[in-house]
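Asks: Pasting a structure below so you can have a look.
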Amino acid sequence: MELAKNGNLGKLQITNLSMGELQQKIDTAEKGKQNPFSNFNDMEILTWYIYEQKHVDAKNDRSDRTRKEYENELRLFVEHLLQHGSEIGVDIEQIKEGSLFKSLEPRHLRRYQEWLVSSSPHIQKGKVYSPATIARKTAILKSFFQYLYRVKYIRTNLASGLRIATVRKDDRPDRDFKIRLSNVYCKHLNALV
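Once you know that position 165 of the sequence shown is 382 in the numbering used here, the rest is easy, because the numbers rise by one and skip nothing.
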């Protein structure tokens, strides 16, 4: 399997190749009239997805915070599949083309989603994921697998296996509350001075 492990299973490396080297792989494939990602492995396509510069002005691309969030979430997804594949119902013994992503089926993503909210290590510690967290995790996975399908890295739209994860208005974090609280604190502090 082409998933690079750094010492232990707990820390997967995204890839050792730079974005310039990945761009060179794409250019070489295109020159040979191949799919641009035909020579990528899973970690390379994951890296490209997260860090690809899509806009001429890089300031319009994903923020560093968003990229880090996507990287952490997708790394955790891969680690969970490798560590808890049998619990989730993923048969990782049958890897197609040396690729975990190409070996997955839509049902695996659905099972992963169900496992996250019912028996993941987070749940076993007596904690629960908020609806907003599940919605965020689902949105990242959906976006990633739709991308893999769109660029023809995978042949099946795996995102179709994900259940809809919505957040009711009452379950959304009240970000305005922090602003209001900060304003009250500042007024109170100014009154004391």
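Glycine residues also receive a C-beta, built at the ideal position from the N, C-alpha and C atoms.
Source: prediction; values computed, not measured.
Assess contact between the stretch 256-265 and the stretch 306-323, defined as three or more Cβ pairs (one per stretch) separated by less than 8 Å. Is contact present?
Replies: Segments in contact, yes.
Asks: So, E322 versus T373, is the Cβ gap smaller than 9 Å?
Replies: Yes; because the gap between Cβ atoms is below 9 Å, this pair is in contact.
Asks: Could you tell me the alpha carbon to alpha carbon distance between E286 and Q251, rounded to whole angstroms?
Replies: Between E286 and Q251, the C-alpha separation is close to 31 Å.
Asks: Give the straight-line distance between the Cα atoms of E290 and K248, rounded to the nearest whole angstrom.
Replies: Going from the Cα of E290 to the Cα of K248 covers about 33 Å.
Asks: Check whether the Cβ of D244 sits closer than 8 Å to any heavy atom of the ligand FMN, and report yes or no.
Replies: The ligand FMN is not part of this structure, which contains no ligands at all.
Asks: Is it buried or exposed, G224, if we count other Cβ atoms within 10 angstroms and call 16 or more buried?
Replies: With a pLDDT of 35 at G224, under the threshold of 50, the predicted position of this residue should be treated as unreliable, and no value is reported.
Asks: Where does K271 fall in DSSP's three states?
Replies: K271 falls in the coil class under three-state DSSP.
Asks: Could you tell me which residues DSSP puts in a beta bridge with K313?
Replies: BP columns for K313 point to S316.
Asks: So what does DSSP say about E247, is it helix, strand or coil?
Replies: In the structure shown, E247 sits in a helix (DSSP, three-state: H, G or I).
Asks: Quick one: what does DSSP say F254 is sitting in, helix, strand or coil?
Replies: If DSSP states are grouped into helix, strand and coil, F254 belongs with coil.
Asks: If I follow the unbroken alpha helix (DSSP H) through V295, where does it start and stop?
Replies: It spans D281 to I305 - the alpha helix (DSSP H) in which V295 sits, taken as one unbroken run.
Asks: If we call anything under 9 Å between Cβ atoms a contact, is F254 one with Y370?
Replies: It is a contact, given that the beta carbons lie within the stated cut-off.
Asks: Give every residue of the same chain whose Cβ lies closer than 8 Å to the Cβ of R284, excluding the five residues on either side of it in the sequence, and list them in chain order.
Replies: Closer than 8 Å at the Cβ level, and outside the excluded window around R284, lie I267 and Y268.
Asks: Would you mind reading off the limits of the alpha helix (DSSP H) that contains Y329?
Replies: Per DSSP, Y329 belongs to the alpha helix (DSSP H) from P323 to S335.
Asks: Since I believe L326 is in contact with G378 (beta carbons under 8 Å), could you give me their beta-carbon distance rounded to a whole number of angstroms?
Replies: With a Cβ gap of about 4 Å, G378 and L326 count as contacting.
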